[in-house]
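Student:
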Amino acid sequence: MEKLVVTAVEVRATPRRYAALAILLVLFSTGWAANHFAALLPALADTRGLSRAALNGAFGIYALGLLPGLLASGGLSDRLGRRPVVLCGALVAALGNLIMLAQPDQTGILLGRLILGVGVGLTVSAGTVWTAEVHGEGGAIAAGVALTAGFALGPLFSGLTSQAMRGGGRSVHCHGRLVGSHRAGRVAAAYPPRTACCSCFDRAGG
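Plus 20 on top of the position in the sequence shown (first one is 1) and you've got the numbering used here.
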């Protein structure tokens with residue numbers, strides 16, 4: 021009898037574990053996306069002739085978008101559910117990076133960084149709460165670790181790759197490809213196969 025009870029608990033815990041891992045992957049990707057282009061901005065300044073004021077503005081305008089995203093995320097996720105807000109934020113962040121990829125001039129970079137900040141704010145706040153709800157004790161810590169890893173590895177990887185290539189245009193083009201494949205993995209994580217895991221997502225997502 022005890023063995024059956026333990027097995028039932030493990031079966032119920034498995035979908036929640038998969039759900040938590042998927043959310044953590046989205047948070048890691050969001051952290052990566054937030055700083056991915058930061059290491060490329062000096063290279064873009066050289067190849068596109070961006071001024072120092074534009075570079076400083078690109079960092080400042082990201083924070084300008086981040087704040088309302090963080091403030092709005094809590095209330096929106098309480099009303100609409102965690103999943104819609106997290107996925108919407110992930111898509112908004114992807115849009116910001118795609119704008120910078122498609123239009124790597126002053127206007128495109130500033131607009132892209134602003135939109136990216138909004139998306140990151142939505143995803144980080146709701147995603148952290150969602151992970152805590154799904155993962156239980158330690159969920160918020162795991163979310164913080166995933167985000168921090170993304171924040172650190174994104175610019176590190178893009179900076180090292182850019183330095184290795186020693187070519188601004190080629191480097192930016194390559195990183196555009198990396199961002200695109202990175203987004204594909206992110207969407208795949210956000211939309212898992214329709215299994216028992218999804219029922220856990222639905223319950224947590226509201």
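From the three backbone atoms N, C-alpha and C, an ideal C-beta is built for every residue, glycine too. Since we're looking at a predicted model, the values are computed, not measured.
Leaving aside the five residues before and after residue 37 along the sequence, list all residues of the same chain whose C-beta is less than 6 angstroms from its C-beta, in chain order.
Tutor: Looking up residue 37 in the sequence shown gives position 17. Same-chain partners within the cutoff: there are none.
Student: Using DSSP with H/G/I as helix, E/B as strand and the rest coil, what is residue 124?
Tutor: On the sequence shown, residue 124 is found 104 positions in, with the first residue counted as 1. Residue 124 falls in the coil class under three-state DSSP.
Student: Is residue 86 near residue 164, with beta carbons less than 8 angstroms apart?
Tutor: Residue mapping note: residue 86 aligns to position 66 of the sequence shown, counting from 1. Residue mapping note: residue 164 aligns to position 144 of the sequence shown, counting from 1. Their beta carbons are not under 8 angstroms apart, which means residue 86 does not touch residue 164 by this criterion.
Student: Any contact of the segment 97-109 with the segment 156-163, i.e. 3+ C-beta pairs under 8 angstroms?
Tutor: Not touching, per the Cβ criterion.
Student: Which stretch, first to last residue, makes up the alpha helix (DSSP H) that contains residue 63?
Tutor: Taking the sequence shown and counting its residues from 1, the one referred to as residue 63 is at position 43. From DSSP, the alpha helix (DSSP H) with residue 63 extends over 61-68.
Student: State the start and end residues of the unbroken alpha helix (DSSP H) segment that holds residue 79.
Tutor: The sequence position of residue 79 within the sequence shown is 59, counting from 1. Per DSSP, residue 79 belongs to the alpha helix (DSSP H) from 72-100.
Student: How many angstroms separate the CA atom of residue 193 from the CA atom of residue 43?
Tutor: Taking the first residue of the sequence shown as 1, we reach residue 193 at position 173. Taking the first residue of the sequence shown as 1, we reach residue 43 at position 23. Note that residue 193 has pLDDT 44, beneath the 50 cutoff, so the model's placement of it is unreliable and the number below is only indicative. Spanning the two alpha carbons is a distance of roughly 29 angstroms.
Student: Helix, strand or coil: how does DSSP classify residue 157 here?
Tutor: The count along the sequence shown starts at 1 and reaches residue 157 at position 137. Note: residue 157 maps to coil in three-state DSSP.
Student: Below 8 angstroms CB to CB, which residues in the same chain sit around residue 111 once its five sequence neighbours on both sides are set aside?
Tutor: To locate residue 111, count along the sequence shown from 1; it is residue 91. The answer, listed in chain order, is 139.
Student: Could you tell me which of 155, 122, 178, 129 sits nearest to residue 76, measuring between CA atoms?
Tutor: Position 56 of the sequence shown, counted from the start, is the residue given in the question as residue 76. Nearest option by C-alpha distance: 129.
Student: With a CB to CB cut of under 6 angstroms and the five nearest residues on each side skipped, what residues in its chain are close to residue 144?
Tutor: Here residue 144 corresponds to residue number 124 of the sequence shown, with the count starting at 1. Cβ within range, chain order: n/a, list empty.
Student: Assign residue 133 to buried or exposed, taking buried as 16 or more other Cβ atoms, counted over all protein chains shown, within 10 Å of its Cβ.
Tutor: Position 113 of the sequence shown, counted from the start, is the residue given in the question as residue 133. Result: buried.
Student: Can you give the Cα-Cα distance for residue 62 and residue 167, rounded to whole angstroms?
Tutor: Your numbering for residue 62 matches position 42 in the sequence shown. Your numbering for residue 167 matches position 147 in the sequence shown. Near 24 angstroms, if we compare the C-alpha coordinates of residue 167 and residue 62.
Student: To the nearest angstrom, how far is it from the Cα of residue 67 to the Cα of residue 179?
Tutor: Here residue 67 corresponds to residue number 47 of the sequence shown, with the count starting at 1. Here residue 179 corresponds to residue number 159 of the sequence shown, with the count starting at 1. Answer to the nearest angstrom: the Cα atoms are 15 angstroms apart.
Student: Label residue 126 either buried or exposed according to how many other C-beta atoms from any shown protein chain fall within 10 Å of its C-beta, with 16 as the threshold for buried.
Tutor: As a position in the sequence shown, residue 126 is number 106, starting the count at 1. Classification of residue 126: buried, given that the 10 Å Cβ count is 16 or more.
Student: For residue 88 and residue 81, what's the separation of their Cα atoms in angstroms?
Tutor: The residue labelled residue 88 in the question sits at position 68 within the sequence shown. The residue labelled residue 81 in the question sits at position 61 within the sequence shown. Roughly 12 angstroms separates the two Cα atoms.
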